[in-house]
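Top line first, the protein sequences correspond to chains A and S. When we follow the numbering used here, the leftmost residue of the first sequence carries the number 3, and every step to the right adds one. When we follow the numbering used here, the leftmost residue of the second sequence carries the number 3, and every step to the right adds one. Glycine included, C-beta positions come from ideal geometry on N, C-alpha and C. Source: prediction; values computed, not measured. In what follows, a structure is listed as structure tokens, so that the remarks can point back to it.
2 protein chains.
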Amino acid sequence: MQRSNDSGIPKFAAIKEFILSQIESGNWPEHSRVPSEHALCDQFAVSRMTARRALQELTEQGVLYRTQGVGSFVASPKSQSALLEIRNIADEIQARGHFHSAQLVQLTSLPCPTVVAAALGLVRNEPVFFSLIVHFDNQTPLQLEARYVNPKMIPYYLQQDFSDQTPHEYLSAVAPLTEADHIVEAVLADEFTCKHLKIGAHEPCLRLTRRTFSREGAVSFAYLTSAGSRYRLGGHLNINPVK
Amino acid sequence: MQRSNDSGIPKFAAIKEFILSQIESGNWPEHSRVPSEHALCDQFAVSRMTARRALQELTEQGVLYRTQGVGSFVASPKSQSALLEIRNIADEIQARGHFHSAQLVQLTSLPCPTVVAAALGLVRNEPVFFSLIVHFDNQTPLQLEARYVNPKMIPYYLQQDFSDQTPHEYLSAVAPLTEADHIVEAVLADEFTCKHLKIGAHEPCLRLTRRTFSREGAVSFAYLTSAGSRYRLGGHLNINPVK
DNA sequence: GGATCTTAATTGTATATACAAGTGGATGCG
DNA sequence: CGCATCCACTTGTATATACAATTAAGATCC
Numbered sequence: 003m004q005r006s007n008d009s010g011i012p013k014f015a016a017i018k019e020f021i022l023s024q025i026e027s028g029n030w031p032e033h034s035r036v037p038s039e040h041a042l043c044d045q046f047a048v049s050r051m052t053a054r055r056a057l058q059e060l061t062e063q064g065v066l067y068r069t070q071g072v073g074s075f076v077a078s079p080k081s082q083s084a085l086l087e088i089r090n091i092a093d094e095i096q097a098r099g100h101f102h103s104a105q106l107v108q109l110t111s112l113p114c115p116t117v118v119a120a121a122l123g124l125v126r127n128e129p130v131f132f133s134l135i136v137h138f139d140n141q142t143p144l145q146l147e148a149r150y151v152n153p154k155m156i157p158y159y160l161q162q163d164f165s166d167q168t169p170h171e172y173l174s175a176v177a178p179l180t181e182a183d184h185i186v187e188a189v190l191a192d193e194f195t196c197k198h199l200k201i202g203a204h205e206p207c208l209r210l211t212r213r214t215f216s217r218e219g220a221v222s223f224a225y226l227t228s229a230g231s232r233y234r235l236g237g238h239l240n241i242n243p244v245k
Numbered sequence: 003m004q005r006s007n008d009s010g011i012p013k014f015a016a017i018k019e020f021i022l023s024q025i026e027s028g029n030w031p032e033h034s035r036v037p038s039e040h041a042l043c044d045q046f047a048v049s050r051m052t053a054r055r056a057l058q059e060l061t062e063q064g065v066l067y068r069t070q071g072v073g074s075f076v077a078s079p080k081s082q083s084a085l086l087e088i089r090n091i092a093d094e095i096q097a098r099g100h101f102h103s104a105q106l107v108q109l110t111s112l113p114c115p116t117v118v119a120a121a122l123g124l125v126r127n128e129p130v131f132f133s134l135i136v137h138f139d140n141q142t143p144l145q146l147e148a149r150y151v152n153p154k155m156i157p158y159y160l161q162q163d164f165s166d167q168t169p170h171e172y173l174s175a176v177a178p179l180t181e182a183d184h185i186v187e188a189v190l191a192d193e194f195t196c197k198h199l200k201i202g203a204h205e206p207c208l209r210l211t212r213r214t215f216s217r218e219g220a221v222s223f224a225y226l227t228s229a230g231s232r233y234r235l236g237g238h239l240n241i242n243p244v245k
């Protein structure tokens, strides 16, 4: 193959390395112009498609940004943000090697509360499906899931058997998720939550508010509440998976 | 340009849509074989590079996986996990349009506690740098940052002036982050935290435990504690940024 | 039967070329 | 001056071709 050298490093990768080194050394500051595809062709004696690939991949990685008709530029460093993975509770329990089970407490249709209406694009007090489920880690109640489901999207939600399938699994199957909002916060458990999680009144809880979307629109809105002493959100992530 | 139609949809995008539709409809189950580049060329009357691009981008998006010499296959759905963005507190406050300031409470060297030693790869009770800082949103104390810093990596940490630069900014500058661990949990504020955040004894707090790494090793270990009534972790993310 | 070789299929890298499309500056005109 | 036009530059999409590298399966030989 046409390689730039004997070390087996593809040409486009060599160009990427060069650009990254210029940025990391400070030679090419933020928002400064990067050589055009044509300039890189000359500089590295490669075809435009190869130079383009280097620029393209760096753009996908968030290192550069490009504008048609203008040029390519160094992006702002993203080291200020990291990503935390939020997994399904059932998967998480199984990953611990424990046994997951779920107990259905309530499954009904009720008038849509204001907050939920706003989240799902419904009208206040029009019917919305509601399920209340406790997730167990072995025998310990771990998470209380209060979920509102858009009846227009999932008309047969109330007919499901949630003893062998979690709502999340069912929804994933019938309306593949495309997007989700998440809010994580610390709250004090209310009486209702204390009862179902079997915890005391002053126990802090981690509450995850999740809104899911499929292609057609908002599907569900859920409060996932876990006792602070029993559950953490954890994750390890590469901030700059650059090379 | 050579377009597949008048609607302005590029050919490679049309091929991606086709493949996605087959997967979503269940016609092409998990781990099943996807048409080869050559087969797609024939089917869509495009060049191999165009067919390849469709497969390539779907692979980058996690929809497919490919093996040289073997073929392309449908990947396992990833709808079980989402990603939450964790941003720097100063950025987050500024993004709200508020004024961020930080007050340094303590900056010293102390014997390394056991937990910190394990996190940073140090020996228990050997010296470790420690800083305690309160971050303010306008005039309200928002977050208490207790940070342990590896002296072997950042020898001049104690000499810094943290009145105009946060520890995070300083560390980012001298030891670019490559990776980070995060744990999010809900806790009750201890006396120490209550005092600095000016909150009551029974207020639930969101505690983010963050460990950062540069290329050379573990740099710092920090507890970032915020009052539950004042701070949330929020994020919106495309699970499948498909189009 | 088992090890080795060959071959076909598939993905990976690379080139040369062409035209489309967006941006911004220069030019020319009223 | 203000405005429209044109043009050079840059990125975006697409083709046709070539060769490299990897894998799996079949063929061959011992």
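By alpha-carbon positions, which one of the options ends up nearest to residue i?
i, options, result
"Arg149/A", "Gln141/A, Gln96/A, Val136/A", "Val136/A"
"Lys200/S", "Pro143/S, Leu173/S, Ile21/S, Arg209/S", "Pro143/S"
"Leu124/S", "Val189/S, Ala104/S, Arg98/S, Met155/S", "Met155/S"
"Glu62/A", "Gln161/A, Ala77/A, Cys196/A", "Ala77/A"
"Phe132/S", "Asn140/S, Val118/S, Leu66/S", "Val118/S"
"His204/S", "Ala191/S, Phe75/S, Gln45/S", "Ala191/S"
"Tyr225/S", "Gln162/S, Asp139/S, Glu171/S, Ala121/S", "Ala121/S"
"Asn127/A", "Leu134/A, Asp139/A, Leu112/A, Phe138/A", "Leu112/A"
"Leu109/A", "Gln96/A, Leu134/A, Val130/A", "Leu134/A"
"Ala56/S", "Ile21/S, Pro31/S, Ser216/S", "Ile21/S"
"Pro255/A", "Glu171/A, Glu39/A, Leu66/A", "For residue 255/A there is no data in the structure shown, the boundaries of chain A being 3 and 245."
"Arg232/A", "Gln161/A, Pro206/A, Arg54/A", "Pro206/A"
"Ser222/A", "Cys196/A, Leu146/A, Gln145/A, Val130/A", "Val130/A"
"Asp183/S", "Ala175/S, His198/S, Ser216/S", "Ser216/S"
"Cys196/S", "Ser174/S, Gln145/S, His33/S", "Gln145/S"
"Gln24/S", "His198/S, Pro37/S, Arg50/S", "Pro37/S"
"Ile69/A", "Ala220/A, His33/A, Ala97/A, Lys13/A", "Here the sequence assigns Thr to residue 69/A, which means Ile is not the residue at that position. It is His33/A."
In this structure, how does DSSP classify residue i when only helix, strand and coil are distinguished?
i, result
"Phe101/A", "coil"
"Phe215/S", "strand"
"Val136/S", "strand"
"Ser81/A", "Confidence at Ser81/A is low in this model, with a pLDDT of 48, below 50, so its placement is unreliable and no value can be given for it."
"Asp183/S", "strand"
"Arg50/S", "helix"
"Pro169/S", "helix"
"Val130/S", "strand"
"Arg234/A", "coil"
"Leu239/S", "Residue confidence is low: Leu239/S scores 42 on pLDDT, short of 50, so the model does not pin down where it sits. Its coordinate-derived value is still stated next. In this structure, Leu239/S counts as strand in the three-state DSSP scheme."
Can the beta-carbon of residue i be found closer than 7 Å to that of residue j?
i, j, result
"Glu19/S", "Pro178/A", "no"
"Ala92/S", "Thr214/S", "no"
"Ala188/S", "Gly230/A", "yes"
"Arg212/A", "Thr227/A", "no"
"Leu325/A", "Phe194/A", "Residue 325/A is absent from the structure shown; chain A starts at 3 and stops at 245."
"Asn140/S", "Phe101/S", "yes"
"Phe138/S", "Ser103/S", "yes"
"Ile11/A", "Phe46/A", "no"
"Tyr172/S", "Gln161/S", "no"
"Leu2/S", "Ala53/S", "Coverage of chain S is limited to positions 3 through 245, which leaves residue 2/S absent and any answer about it impossible."
"Ile185/A", "Arg89/S", "no"
"Lys71/A", "Arg35/A", "Residue identity check: residue 71/A is Gly in the sequence provided, not Lys. Not in contact: Gly71/A and Arg35/A (Cβ atoms no closer than 7 Å)."
What residues are listed by DSSP as bridge partners for residue i?
i, result
"Gly73/S", "Thr69/S"
"Cys207/S", "Val189/S, Ala229/S"
"Val36/S", "Ser74/S"
"Ala224/S", "Arg149/S, Arg212/S"
"Gln108/A", "Leu134/A"
Starting from residue i, trace the alpha helix (DSSP H) both ways and give me its first and last residue.
i, result
"Ile21/A", "13-26"
"Thr117/A", "Checking the sequence, you will find Val at residue 117/A rather than Thr. Its alpha helix (DSSP H) spans residues 116-122."
From which residue to which residue does the beta strand (DSSP E) around residue i run?
i, result
"Glu147/A", "142-151"
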